[in-house]
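Take any residue in the sequence shown, note its place counting from 1, add 3, and you have its number in this note's numbering. Heads up, the beta-carbon is just placed ideally off N, CA and C, and yes, glycines get one too. In what follows, a structure is listed as structure tokens, so that the remarks can point back to it.
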Amino acid sequence: MAPTPIPNLMSAIEIKAPGGPEQLVPAQRPVPIPKPNEVLIRVHAAGVNRPDVVQRLGQYPAPPGASDLPGLEVAGTIAIVGSNVTGLALGDKVCALLAGGGYAEYAVADAGSCLPIPDGFSFVEAAAVPETFMTVWHNVFERGGLKPGEVFLVHGGTSGIGTAAIQIAKLKGATVVATAGSDEKCDACTKLGADTVINYRTQDFVDVARNLPSKGVDVILDMVGGDYFGRNLKCLKPDGRLVIIAFLNGAKTEVDLAAIMMKRLVVTGSTLRARDLNFKAGLAKAIKRELWPAFTARQMPPLIHTTLSLAEAATAHRLMESSAHIGKIVLKIE
Ligand SMILES: NC(=O)c1ccc[n+]([C@@H]2O[C@H](COP(=O)([O-])OP(=O)(O)OC[C@H]3O[C@@H](n4cnc5c(N)ncnc54)[C@H](OP(=O)(O)O)[C@@H]3O)[C@@H](O)[C@H]2O)c1
Numbered sequence: 004m005a006p007t008p009i010p011n012l013m014s015a016i017e018i019k020a021p022g023g024p025e026q027l028v029p030a031q032r033p034v035p036i037p038k039p040n041e042v043l044i045r046v047h048a049a050g051v052n053r054p055d056v057v058q059r060l061g062q063y064p065a066p067p068g069a070s071d072l073p074g075l076e077v078a079g080t081i082a083i084v085g086s087n088v089t090g091l092a093l094g095d096k097v098c099a100l101l102a103g104g105g106y107a108e109y110a111v112a113d114a115g116s117c118l119p120i121p122d123g124f125s126f127v128e129a130a131a132v133p134e135t136f137m138t139v140w141h142n143v144f145e146r147g148g149l150k151p152g153e154v155f156l157v158h159g160g161t162s163g164i165g166t167a168a169i170q171i172a173k174l175k176g177a178t179v180v181a182t183a184g185s186d187e188k189c190d191a192c193t194k195l196g197a198d199t200v201i202n203y204r205t206q207d208f209v210d211v212a213r214n215l216p217s218k219g220v221d222v223i224l225d226m227v228g229g230d231y232f233g234r235n236l237k238c239l240k241p242d243g244r245l246v247i248i249a250f251l252n253g254a255k256t257e258v259d260l261a262a263i264m265m266k267r268l269v270v271t272g273s274t275l276r277a278r279d280l281n282f283k284a285g286l287a288k289a290i291k292r293e294l295w296p297a298f299t300a301r302q303m304p305p306l307i308h309t310t311l312s313l314a315e316a317a318t319a320h321r322l323m324e325s326s327a328h329i330g331k332i333v334l335k336i337e
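Spelled out as structure tokens, the structure:
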């Protein structure tokens, strides 16, 4: 079969200037040319992530060498294979982690950051996987060292990250506690498998965590920061681990060093986008090994809140900033 011709120009969404969702504007851009270690993907779906919002606000610039277009994860078909790439072929259906450039009809990805679309997954479901599930796997399991039988607390339980964290932690045999900002969101966390859910607007999560049969939790995945730092330390059992992936409530706080010493706590954190390609390739292999069997068995399909068109990227950001969503927001590109 002759390969589909690739146009010179593509539709994409640019960030015109730092600011509100109205700064996301449709544009025509040259189709990117893959380097020898890269593939060109005809994008059929692009995941929307909170870091895209932070980038749009001008607070999370693209790393050197990355596309200035937003978009950290896509799913689609391979349209060009770079000269040094092995194991991937024209027409392969893949999902990929990107350092930017996902809000577009075409995107380039390092071959090591590509994964086969799990059997039975739509492009939309597959586009919800790379950034989200890699972030959760690395932070909760590789950094936080969550083990079967331990108690895991995730804040923002209905965020893209939170829904994946509940699913993976349950898959791996942990007891899961999740916080969320409404009773409807708490119900969604329960449906995903959370054992205990806390509406943080009406309940003190520290009290709930300390009154669990386990008298605290072993690992916390936090995206709130600010005063949650000290409150998280109070929830942790001896030898507990706090993993920080964002600070929606602020990066500065007071620290009770005594709690860290007396309970032998570990405080860590990371950000995925800045990591090198070797690290990302290793992480892609790890999630394929650890999560693909459950994906193909449809044991934990990503929870999709809604799909919008590429031209509706600004609407997608408004929705994300309203925090009304439960699960992932995905742009569908015909
Ligand atoms: N470090 C990394 O490598 C990395 C990678 C990806 C994402 N992240 C971070 O992980 C977080 C989740 O990302 P996402 O794409 O899944 O975002 P998302 O779907 O937009 O979810 C964010 C959730 O956080 C909750 N929230 C917002 N403001 C809050 C506040 N002030 N206090 C408590 N909860 C608040 C909201 O739920 P409620 O209604 O329940 O409050 C909201 O649904 C983001 O902060 C993102 O920047 C980090």
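Next on the checklist: Between Gly184 and ligand 1, is there a pair consisting of the residue's CB and a ligand heavy atom that are separated by less than 7 Å?
Outcome noted: Looking up residue 184 in the sequence shown gives position 181. Result yes, Cβ under 7 Å from ligand 1.
Checklist entry - How many whole angstroms separate the CB atoms of Ala167 and Pro305, which I take to be in contact at a CB cut-off of 8 Å? => result Against the sequence shown, residue 167 aligns to sequence position 164. Against the sequence shown, residue 305 aligns to sequence position 302. 7 Å between Cβ atoms; contact.
Item to check | Segment limits, alpha helix (DSSP H) that includes Arg53 | outcome: The residue you call residue 53 lines up with position 50 of the sequence shown. Segment 53 to 59, the alpha helix (DSSP H) holding Arg53.
Item to check | Supposed close pair Ile248, Trp140 - CB separation, criterion 8 Å | outcome: Residue numbering aside, residue 248 sits at position 245 when the sequence shown is read from its first letter. Residue numbering aside, residue 140 sits at position 137 when the sequence shown is read from its first letter. Actually they do not touch by this definition, with Cβ atoms about 12 Å apart.
Checklist entry - Gly243 and Val220 look like a contact to me (Cβ under 8 Å); what is the Cβ gap, rounded to whole Å? => result For the purposes of this step, residue 243 is identified with residue 240 of the sequence shown, where counting begins at 1. For the purposes of this step, residue 220 is identified with residue 217 of the sequence shown, where counting begins at 1. Confirmed, about 7 Å.
Item to check | Inter-residue Cα distance where the pair is Val57 and Tyr63 | outcome: In the sequence shown, the residue the question calls residue 57 occupies position 54. In the sequence shown, the residue the question calls residue 63 occupies position 60. Roughly 6 Å between the two C-alpha positions.
Item to check | Among Phe136, Leu156, Phe144, nearest to Gly163 - alpha-carbon criterion | outcome: As a position in the sequence shown, residue 163 is number 160, starting the count at 1. The residue from Phe136, Leu156, Phe144 with its alpha-carbon nearest to that of Gly163 is Phe136.
Item to check | Range of the contiguous alpha helix (DSSP H) that encloses Lys3 | outcome: Lying outside 4 to 337, the shown extent of the chain, residue 3 is not represented and no answer is given.
Next on the checklist: For Gly253, which residues in the same chain have their Cβ closer than 7 Å to its Cβ, ignoring the five residues on either side in sequence?
Outcome noted: By one-based count along the sequence shown, residue 253 stands at place 250. Once the five neighbours on either side are set aside, the close Cβ partners of Gly253 are Gly228, Gly229.
Item to check | Residues sharing a beta bridge with Asn202, DSSP | outcome: Counting from 1 along the sequence shown, the entry for residue 202 is found at position 199. Asn202 is bridged to Ala183.
Checklist entry - Does the beta carbon of Glu134 fall short of 7 Å from some heavy atom of ligand 1? => result For the purposes of this step, residue 134 is taken as the residue at position 131 of the sequence shown. Yes; taking the cut-off as 7 Å, the Cβ of Glu134 has a heavy atom of ligand 1 nearer than that.
Checklist entry - Mind checking Ser70: buried by the 16 CB within 10 Å criterion, or exposed? => result Position 67 of the sequence shown, counting from 1, holds the residue named residue 70. Looking at its Cβ environment, which holds 16 or more other Cβ atoms inside 10 Å, Ser70 is buried.
Item to check | Completely contained alpha helix (DSSP H) runs for the segment 266 to 334, where each covers 4 or more residues | outcome: Taken in chain order, the unbroken stretches of alpha helix (DSSP H) that lie wholly in the segment 266 to 334 and span 4 residues or more are 280 to 299, 316 to 325.
Next on the checklist: If we require 4 or more residues per run, which alpha helix (DSSP H) segments fall completely within the segment 215 to 272?
Outcome noted: Whole alpha helix (DSSP H) segments, 4+ residues: 231 to 238, 260 to 265.
Checklist entry - Gly85 to Cys117, Cα distance in whole Å? => result Locating residue 85 in the sequence shown gives position 82, counting from the first residue. Locating residue 117 in the sequence shown gives position 114, counting from the first residue. Rounded to the nearest angstrom, the two C-alpha atoms are 13 Å apart.
Next on the checklist: If contact is defined by three or more beta carbon pairs under 8 Å, each pair taking one atom from either stretch, is the segment 314 to 328 in contact with the segment 86 to 97?
Outcome noted: Fewer than three beta-carbon pairs drawn from the segment 86 to 97 and the segment 314 to 328 are found closer than 8 Å, and the two stretches are therefore not classed as touching.
Checklist entry - Can at least three beta-carbon pairs, one atom from the segment 35 to 51 and one from the segment 100 to 120, be found at a separation below 8 Å? => result With the rule of 3 Cβ pairs closer than 8 Å, the segment 35 to 51 counts as touching the segment 100 to 120.
Checklist entry - By the 10 Å Cβ neighbour count, where 16 or more other Cβ atoms means buried, how is Gly94 classified, buried or exposed? => result To locate residue 94, count along the sequence shown from 1; it is residue 91. Exposed: under 16 other Cβ atoms inside 10 Å.
Checklist entry - Whose C-beta lies closer than 8 Å to the C-beta of Pro33 among residues of the same chain, with five residues either side of it excluded? => result Here residue 33 is taken as the residue at index 30 of the sequence shown, counted from 1. Shown here for Pro33: same chain residues with a beta carbon closer than 8 Å to its own, the five before and five after excluded, namely Asn11, Leu12, Met13 in chain order.
Checklist entry - Thinking C-beta only, is Val246 closer than 8 Å to Gly272? => result Your numbering for residue 272 matches position 269 in the sequence shown. Your numbering for residue 246 matches position 243 in the sequence shown. For the pair Gly272 and Val246, the CB atoms are nearer than the 8 Å cut-off.
Checklist entry - Quick one: is Gln206 buried, meaning 16 or more other Cβ sit within 10 Å of its Cβ, or exposed? => result Looking up residue 206 in the sequence shown gives position 203. It is exposed - the Cβ of Gln206 has fewer than 16 other Cβ atoms within 10 Å.
Item to check | Three CB pairs or more closer than 8 Å across the segment 231 to 243 and the segment 253 to 269 | outcome: By the Cβ criterion, the segment 231 to 243 is in contact with the segment 253 to 269, since at least three pairs of Cβ atoms, one from each stretch, lie closer than 8 Å.
Item to check | Beta-carbon proximity check, Gly147 vs Val222, cutoff 8 Å | outcome: Translated into positions along the sequence shown, residue 147 becomes position 144. Translated into positions along the sequence shown, residue 222 becomes position 219. Yes, Cβ-Cβ distance for Gly147 and Val222 is below 8 Å.
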